[in-house]
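Have a look at the structure below, then the notes.
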Amino acid sequence: MTEIGLTWPKNFNEVPKAAFTRKDIYAEEMKRIFFGQEWHPVAHESELPNPGDFKTFRLAGVPLLIARDREGVVRVFYNACSHRGNQLETAVMGNKTEFECPYHRWLFDAKGDLVGCPNHRDFLPGFDKSDYPLAQPRFDSFYGLIFVTLSAETETLTEFLGDSQNTLRELLGGDGRLKLLGYQKVRYDSNWKSYTDNDGYHAPLLHQAFKLLNWQGGKGRQFAATKHGHVCFESALSVVSGPTVLKDDSLIAFKGQDPAVGSRIVMLFPTFVSTKHLDVINLRFATPIDEETVEVHYAYFAHQDDDEDMVLHRLRQSSNLLGPCGLISMEDASIFHRIHIGNHTPGNAIFQKGVHDQSKLESEFLQNDESGNLPRWEYYRSVMGFERAEA
Ligand code: FES
Ligand SMILES: [Fe+2]
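Numbers in this note's numbering are just positions in the sequence shown, counted from 1, shifted up by 664.
Spelled out as structure tokens, the structure:
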């Protein structure tokens, strides 16, 4: 038993359902995971391509402001005024070179410097504006993908990403020079871990339309990329065509640069999922809201070198294939909710497909296995301090 009173099953392929539903476990996850030693993707620089562009995001309740200054430098700030802590910016995104707090009109530039505050002659002697910039969390970036950590002890981003770097770079277009197409934003009535527990086994079974992409017959691998349990997929999807499939199969045409690897997925602990299926480049910025709600921002991208036809193709494919209303994966939204309901029953969730020995953890898996989720569960267990039951 641990201080939060949950004994983990002795077998590596079992996960207690209580981990998905208990409020005390959720509170502990905030401390140990979201405010702990993990990096969390919060934006891609291409979402704010021009000087003055900004985006806001809340990570585990913490409001963030990601802003590009006049010189083009992107920084992450806490989205809270340095005076009394009022939320500074309420827009989801926009373009501003100055941010004014409405409460007492303190004014900040996009570098985070305090550039104006009314009545400062009446402030404490020695008041100096330069002592009151917007506070910043630790942040770093990888090919334009901006990560934040809320802990001072977190390892470097390079160490955190480990062996996922190659797949992630390829997924980001090879050079990170992306162009934002748009978003789908959704709140799932589900614990955040059910959302990230989507696996390779279910893809062709739950999602009938995945057959269009020959997922089941696809040759591909999953591998665990670090001790954090990040998982990468590299799979050879192929488009099944013919008049009986879709009236217009240009929707699932594959015009991309790397048809040998039709699908790349990088799942970074704890909540980040990114996919490149066919020509769709999709980064999913997710955050838990409470123990039964997770919010996901599906962001879709083209590459800066795409011609106009390719941008239109990607836009059409992106808005139709993935996400909560996407042709190939819309059923996930229903399953995330139903699995959350089902998790209010006793016992353990069981993983079978691809498990060879329930007393051992593996790091290489096939495309259609669900065992690729197990390294992430083992890392979760260790961070949470849950001890395994004795054999
Ligand atoms: S709280 Fe922002 S100006 Fe006072
Ligand atoms: Fe799915």
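Cβ coordinates follow ideal geometry from the N, Cα and C atoms, glycine included.
- Taken in chain order, the unbroken stretches of alpha helix (DSSP H) that lie wholly in the region 673-700 and span 4 residues or more are 687-693.
- In the DSSP assignment, M757 falls within the unbroken beta strand (DSSP E) covering M757 to N759.
- Cα atoms of F933 and L1030: separation of roughly 20 Å, rounded to the nearest angstrom.
- Not one heavy atom of ligand 2 falls within 7 Å of the beta-carbon of L942.
- When DSSP states are grouped into helix, strand and coil, P705 belongs to the strand group.
- Proximity to P868 across D1033, F824 and N675 peaks at D1033, based on C-alpha coordinates.
- Counting along the chain, Q968 sits inside no alpha helix (DSSP H), nor does DSSP assign it H or E at all.
- In this structure K857 is buried. Its beta-carbon is surrounded by 16 or more other beta-carbon atoms within 10 angstroms.
- Scanning V904, H892 and E898 for the CA closest to the CA of K875 turns up V904.
- By the neighbour-count criterion, in which a residue is buried when 16 or more other Cβ atoms sit within 10 angstroms of its Cβ, D996 is buried.
- Note that the region 763-782 does not touch the region 806-817; fewer than 3 beta-carbon pairs, one per stretch, sit closer than 8 Å.
- Our two residues, G826 and T671, have alpha carbons roughly 30 Å apart in a direct line.
- Among the bridge pairs identified by DSSP, M931 is matched with V895 and V937.
- Ligand 1 has a heavy atom closer than 7 Å to the beta-carbon of C745.
- Exposure of T754 is indicated by the presence of fewer than 16 other C-beta atoms within 10 angstroms of its C-beta.
- DSSP, reduced to helix, strand and coil, places I953 within a strand of the structure shown.
- Beta-bridge annotation (DSSP): R722 is paired with P727.
- At least one heavy atom of ligand 2 lies closer than 7 Å to the C-beta of S993.
- Across the structure, S902 and W879 are spaced so that their CA atoms are roughly 8 Å apart.
- DSSP places F1000 inside the alpha helix (DSSP H), whose first and last residues are E995 to G1006.
- Setting aside the 5 residues that flank it on each side, T957 is surrounded in the same chain by R851, Y852, D853 and S854, each with a C-beta closer than 8 Å to its C-beta; the list follows chain order.
- In the pairwise beta carbon analysis, the region 696-712 is classified as touching the region 931-950: at least three pairs are separated by under 8 Å.
- When the five nearest sequence neighbours on each side are left out, the beta carbons in the same chain lying within less than 6 Å of the beta carbon of D733 are those of A774 and K775, in order along the chain.
- Contact between L842 and L836 holds, since their C-beta atoms are separated by about 7 Å, short of 8 Å.
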